[in-house]
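Only one structure is covered here, and it is reproduced in the block below.
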Amino acid sequence: VRSERASADTLVRSPSPPEGVPASAPRRVPISRESEPSEDEWARFDVAFPARLRARVRLALVYLRERPSLAVGLLLLAGFVVLALASTLRFGPSLSSLPVNPAWSTSYVSPGPSPQHPFGIMRGLGVDVFSALVRATPWDLALLGGILLLSVGAGMLLGAFAGLVAGPSDIAVTAAADLVVGVPPFFLVMVLFLGVQPLVSARDGLLVFGLLFAFVLWPYYARPVRARAQEVAHEPYVEAARAAGAPRRRLLIRHVIPNSAFPVLAQLPVDVFNVFFVLTVFPFIACFGGGSGRFFQLLSPLPGPTFPEWGNLLANGACYGWSVLPQLNAWWTYVFPGATVALFGFAVALTCDGLLSRRVRERGP
Amino acid sequence: VLALLCAPALLPGSFPGPSARSASVPSDFRVRLANADLGGPGPIGWPTFHGSENRTGYSAVDGPTTSDLLWVACVSSLPIRVSPVWDGRNLYVADNLGTVYALDPDRLGSVLWSRALGTTPTTADVAAGRLVIGGSSGSVSALSTADGSVLWQRSVGGAPEQAVSVENGTVAVGTSAGTVTALNLTSGALLWQTSVGAPVGGALAWDGRAFYAVTTSGELVAVSAAGTVLWRTAVGAASDTAPAVFAGTVYVADRSANVTAVSAATGAVQWRFSGSRAHPGDAIEDTPAVTESRLYVQTDQGFLYALSRATGSPAWIASVPPTGYAVPSSPVATPAGVYFVDATENVDDVDPGSGQLLWQGSFSGAVSYSSPAIENGTLAVGTDTGCVYDFGRVGGPTLWPVTGIVTTRTGAPIAGAYVTAGTGPVTTDSLGRFRLALANGSYDVSAYAGGYAPATIPLTVRGPVSNVRFALAPLTLYPVAGEIVDSRSGRGIAGVSVALTALYGFSARAVTDRSGAFRVLAPNGTDFFSVGAPPGYLGFSATVVVSGAAIVAIRIALVPVAYASSGTDPLEEAGIALPLVAIGLAAAFLRGRELLRRRVAAGLPARLFSPFARFVAMRALLLPAQIVAVLTVLFVFGTFLPAAALHQDPCVLAAGACTGCSWSNVGCVLLAFFRGYGLFVTNLFTGQWGTATYGHLREPAVLFLQWWLPDSLELAVIALALSALIAYPVGLRAGWRPSGPFDTATRLSSLTGLLVPSFLVILALLLALYGPFSVALGDTPYGTLPSLLWFDAHGGVPGWIGIADNTGPTGFPLVDGALHGDAAFELVVLAKTLLQALAIALVYVAIFLRYVRTAVADSARAPFVSAARARGVSEQRLLWGHVGRRVLPLYALVFGLTLPIYLGTQALAEALFNDIGVGTLLLGEMTGVASARFGFGTSAGVAAGNFYQVTIFLLLIAVLVGSLAADVFARYLDPRLRERAP
């Protein structure tokens, strides 16, 4: 019993240490005093096999209970992932285009929410809003996940490297990042995409768009990570590891990146905003400015106007459903897609904010 | 910064002067509105059933030529049977229960207002800001076109069919009670009433002299403007359509399929065509469309007749398959097509010459009585399913050829003369002929030729115009004489060529004689005088002002080359300058080393410049690198890659520096790339930015920026001030007590503002404030300037507002409104600008707070705060005085960081608010580039470039310089940062 308690104690102090992190490298995720388990909670730890695993699960639960926003955020994200999987399984190959009902697309009124169509109908596109949003979920998760993973990975790696290794490579990374950051991401993506778009087929448009976007966003991660890595590089444990002869790669991967990565969490929700801004503005201009299919294809990364994508649905909803006249204002055509985008953003933001402990969070982005 | 960047391009000389500009946009909607407001049968508006009060159904502007559907607006669940009318701005329709809708054709038919009258409408007319509409319950109503409010309503004792004569300010109403009643257009007061004996079948026609009414008993009655019956003539069978009157003849169709031509002066029948002779039982229930040579009319059995206007004999007959029911919708004629609606739910465009079907567009719903209206080159029809279909294409109106000749007074043709109608001038050919392309409108066409007095001819264009003749009077020429001498000896130089060039290509040349004397003739004005360089001398040029007298004693001393400074060769100059620069640098270096040694000796750190100075220098050095990178990205992605993707000739990029270059020829492509890149950069920096398009306007891009940059700057200033006003206290309060209720609320609302798409935030604000805004100010929140309807209600558009909504003299609407003392204008503009600024601030402050919140909290917990608190400084003073001051540099930094986001938000807000500005221009240009992708290289002024590249470049410069300034400013404000090494 005593030894189990001791190991649980260790776990509490360092809730989720990555394997192999030396004890001298503390994770910058300290917990507040309130999260220290009470005597009651200690008593509930079971010593039976596999005690270590159970203790971990319980401690994770305690950790989550201390951070309700993280719990809610993770739950929402899990919900989106489940929805995406279910949608992929259910619709399979027909996922890439929405079933359009011509009667709805030519209809003037957008029928409102009803039991058959819980989120109503969107005229113009001629789709059921709910099923369109469900079909769009896997695409959006993949697109957003891809863009964010790529840009976060590249930004973290380059930023930490530049912070650790001062000198010419630092100057190069900083200058490159400054160049890209100087340009509003919205315009830069548009310029780049308008340039390469004639070179790619409509089918590959989304892939190219994602790559370009990741290219535009990486400096937003690299810059804060670099600033943090500069400090971390002079922490005693890094000095110690360096003195012990650890190669630079090991310093980077084991010490600098894990300890300077957290500013990424502050930037992630802002980039969810940036990506959806562009994804919505493209089709909105296309719809508002003319609406014909050819026009859309010249301007949008999507393969077609009826491609299921949240931003596209939001833009078309705002374009077809919005009116200042109450009798013509079909709010369901744009509120539900907008709410989906916002909910997803909330999930990301809550998760990120939860992962940042309070002390760290207050350092600011 | 943008203004400074634009300044060189805005200097006079780089684009046509203001006088040339003001008349240069005939297609502008202000002009359209002005014409429509005349209310008369101008072909530009479509103010009533069948186009004009003479009911000819003729439009000099071509209608659509393909079946492209521009928009469909289904406004009602009831049939629309009244013809749409158009006042040059909005389209008005009414459904069968008398609900009137004003649609905005420029916004895909979105409904501007609606007004329920509760009675089946008959005919609608729009004139002088009023929409006059009859109701079958016996009333005539006049609605304000601005908001649909009922201005007056009057009962006329029978179902009315009316006509409006604007010259008289009269609404003439024919009723089912057999009377013709005249009402005052402004007040609705009864002017006179006359009986015509039987119910009036259709709308009245007015030819400027009399009203013509057809009765159901088959009589055509002419009623004078004063209300007396002039004549009455039997036209055969009963009729329930409007007559059409053109060139002194009234044309009536009737239920026995007769078409009768009656003299408007006497009432005598001129000819009669009987369609029932060939097709027994056929009937006509529509009004013929009348052109110069022909009449077009549709019958119930589905025949379309083209009749000679002079004789009534059929020129051709077309037919559609009979479907069992008739469509009493009247055809519309244009120079290039005749449009009619058939019973198979289609609109057909047939060739006026042959009757062949050109195209067919389909409705998903029948059209019964609603006749098509030609609206700015598109065709609008109401259907029985409550929709309005608008066929046509986005694009300008028809341009008519205007041709003519420029000669001297004696008739000799002048080649190379300039002719302009306010647009870019054309030059005459060797026979003095010219050709302009003009849209409908009134112009002052001017001809200029060197040595002749310019002449101007006012011209109203309503179709092709030929044979415009200019006979230019020669100007009096005055002698300009003098001598050219050697500056050393003072002796005349022989054989020197002297040229004098004046406006419009005038030039005179002479060669000095043996004594160095010359003499040329020149007209009044400022002339450019140049002296060719004889061997061994430098050339000379100057301006000469001739003002009504000879100039005889010009003495020009030419400097021999040997004595002139050898400043002609830049390399030579550099050769002189280089040693000087080297000496200077060496001296600076030595002096610096000396200073450094002294600092070290005094025990100071071994550095010459403060960290702050070094930071500023480093940061400033980054700027050129950034600019070069941006230029490269813009050229490669905006110009080079698309050209490669479309397999265009790479030489297009280099503006013809090479020819016939293929993409596999790497050397040639590289050459074209670098030439094109050089050209692109040169043009960008010399203000040669080509033209930009916005709606129907196509103008030099510089002009657009000059018009619209002040609007954007004004909005930016107000929006940023508003953002600061919100963000500063809120951020400070939230950071003061982290995790307190205020902080939590701020954090949540900031997160909401960030994650709810900015679109939705702006649209929601618009939705919430649209109603109150419109009620309070009598105008919609769109745009910055008040709408034309608002101007209509407030005494018209003032003269200091130009095309494209640019205001004079400063261009800043708020400043200009104040300068002109227009309080009502100022109020509306201020409200609109504030609303837009609020929308921008809502989005931007959310993002801004996310960045500053936690950093403020850091400052609030700094030791100096505790120290001050211990000294007894009050909390308020601590918050606003101490911490408030300390976070200012931070705010500056975050502002620099979020400037790109701010600009993106403003561009979106401008677009959503339908406001003019650089953002709208940019988005419009980008969509323009995308849709008509590849016009570049031919017409664009940025050779091998597009205007969106210019706009983005300017925005980027603004961002780069802005963030540089923010960085430097923050360092400057914060002494700790200032001392840190860069």
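One line per chain: the protein sequences are B and E, in this order.
The first sequence: position 136 = 136 (the working numbering), numbered continuously.
Convert by adding 1000 to the 1-based position in the second sequence; the result is the number in the working numbering.
Just so it is clear, CB atoms sit at the ideal spot from N, CA and C, and this is done for glycine as well.
This structure is a prediction, so every number in the text was calculated from the model and none was measured.
Asked                                                                                                                                                                                                       : Found
Just verifying my parser: in three-state terms, what is the DSSP assignment at B:Ser300?                                                                                                                    : coil
Is it a yes or a no for the segment 1753–1762 of chain E touching the segment 1864–1883 of chain E, going by three-plus beta-carbon pairs under 8 Å?                                                        : no
Quick one: Cα of E:Phe1635 to Cα of E:Gln1949, how far?                                                                                                                                                     : 8 Å
By Cβ distance below 8 Å, which residues in the same chain neighbour B:Pro115 in space, the five residues on each side in sequence not counted?                                                             : none
Name the chain E residues whose beta carbon is nearer than 7 Å to that of B:Ala318?                                                                                                                         : Phe1759, Leu1763
Where do the ends of the beta strand (DSSP E) carrying E:Trp1708 lie?                                                                                                                                       : E:Trp1708 -> not in any beta strand (DSSP E); alpha helix (DSSP H) instead, spanning 1701–1736.
Would you please state the rounded distance, in angstroms, between the beta carbons of B:Leu77 and B:Thr88? I believe it to be under 8 Å.                                                                   : With a Cβ gap of about 17 Å, B:Leu77 and B:Thr88 do not count as contacting.
Drop a sphere of 10 angstroms on the beta-carbon of E:Ala1268, count the other beta-carbons inside from all chains shown, and report buried for 16 or more, exposed for fewer.                              : exposed
Between the alpha carbons of B:Leu207 and B:Ala172, how many angstroms are there, rounded?                                                                                                                  : 28 Å
What residues of chain E sit near B:Ser323, judged by a beta carbon separation below 9 Å?                                                                                                                   : Ser1110, Val1111, Leu1767
Who are the neighbours of E:Pro1064 on chain B, taking C-beta pairs under 8 Å?                                                                                                                              : Going along chain B, no residue has its Cβ under 8 Å from E:Pro1064, so there is no contact; the nearest lies around 15 Å.
Looking at the secondary structure, which residues open and close the alpha helix (DSSP H) in which B:Cys319 lies?                                                                                          : 310–321
For E:Leu1722, which residues in the same chain have their Cβ closer than 6 Å to its Cβ, ignoring the five residues on either side in sequence?                                                             : Ala1837, Ala1841
At 9 Å on the CB atoms, spell out the chain B contacts of E:Leu1838, in chain order.                                                                                                                        : The contacting residues do not exist; E:Leu1838 stays about 17 Å from chain B at best.
Along the chain, which unbroken stretches of the beta strand (DSSP E) at least 3 residues long are found entirely within the segment 1328–1409 of chain E?                                                  : 1338–1341, 1346–1350, 1357–1362, 1373–1375, 1378–1382, 1387–1391, 1400–1408
For E:Phe1391 versus E:Gly1158, is the C-beta distance shorter than 9 Å?                                                                                                                                    : no
Excluding the 5 residues preceding and the 5 following B:Val200 in the sequence, name in chain order all residues of the same chain whose CB lies nearer than 6 Å to its CB.                                : Val208
With a 10 Å radius around its C-beta and 16 neighbouring C-beta atoms as the bar for buried, classify B:Ile387 as buried or exposed.                                                                        : With chain B running from 1 to 365 in the structure shown, residue 387 of chain B is simply not present.
Does the beta carbon of B:Leu355 sit closer than 9 Å to a beta carbon anywhere in chain E?                                                                                                                  : no
Look up E:Ala1253 in the DSSP assignment and give the residues it is bridged to.                                                                                                                            : E:Val1259
Would E:Ala1965 pass as an interface residue toward chain B - the criterion being a Cβ-Cβ separation below 9 Å?                                                                                             : no
For the segment 1599–1626 of chain E, which residues have a CB atom closer than 8 Å to at least one CB atom of chain B, in sequence order?                                                                  : Leu1622, Ala1625, Gln1626
In the segment 189–207 of chain B, which residues sit with their C-beta less than 7 Å from some C-beta in chain E, listed in chain order?                                                                   : Met190, Val191, Leu192, Leu194, Gly195, Val196, Pro198, Leu199
Please decide whether E:Val1367 counts as near chain B, where near means a Cβ-Cβ distance under 9 Å.                                                                                                        : no
Taking contact to mean 3 or more Cβ pairs, one atom from each stretch, closer than 8 Å, check whether the segment 120–133 of chain B and the segment 310–321 of chain B are in contact.                     : yes
Any contact of the segment 1727–1737 of chain E with the segment 1953–1961 of chain E, i.e. 3+ C-beta pairs under 8 Å?                                                                                      : no
Name, in chain order, the residues that DSSP records as bridge partners for E:Glu1219.                                                                                                                      : E:Ala1234
Which residues does DSSP list as the beta-bridge partners of E:Arg1555?                                                                                                                                     : E:Glu1483
Provide the residue span of the beta strand (DSSP E) that contains E:Leu1069, from first to last.                                                                                                           : 1069–1074
Does the distance from the C-beta atom of E:Asp1384 to that of E:Pro1079 stay below 9 Å?                                                                                                                    : yes
Could you check the C-alpha separation between E:Thr1403 and E:Tyr1418 for me, to the nearest Å?                                                                                                            : 13 Å
Cα separation between E:Thr1920 and E:Pro1710?                                                                                                                                                              : 13 Å
What is the DSSP secondary structure of E:Ser1052, counted as helix, strand or coil?                                                                                                                        : coil
Identify the residues that DSSP records as bridge partners of E:Gly1441: which are they?                                                                                                                    : E:Val1461
May I have the straight-line CA-CA distance separating E:Asp1349 from E:Pro1331, to the nearest angstrom?                                                                                                   : 10 Å
Does the segment 1245–1264 of chain E come into contact with the segment 1276–1289 of chain E, if we say contact requires no fewer than three beta-carbon pairs (one atom in each stretch) closer than 8 Å? : yes
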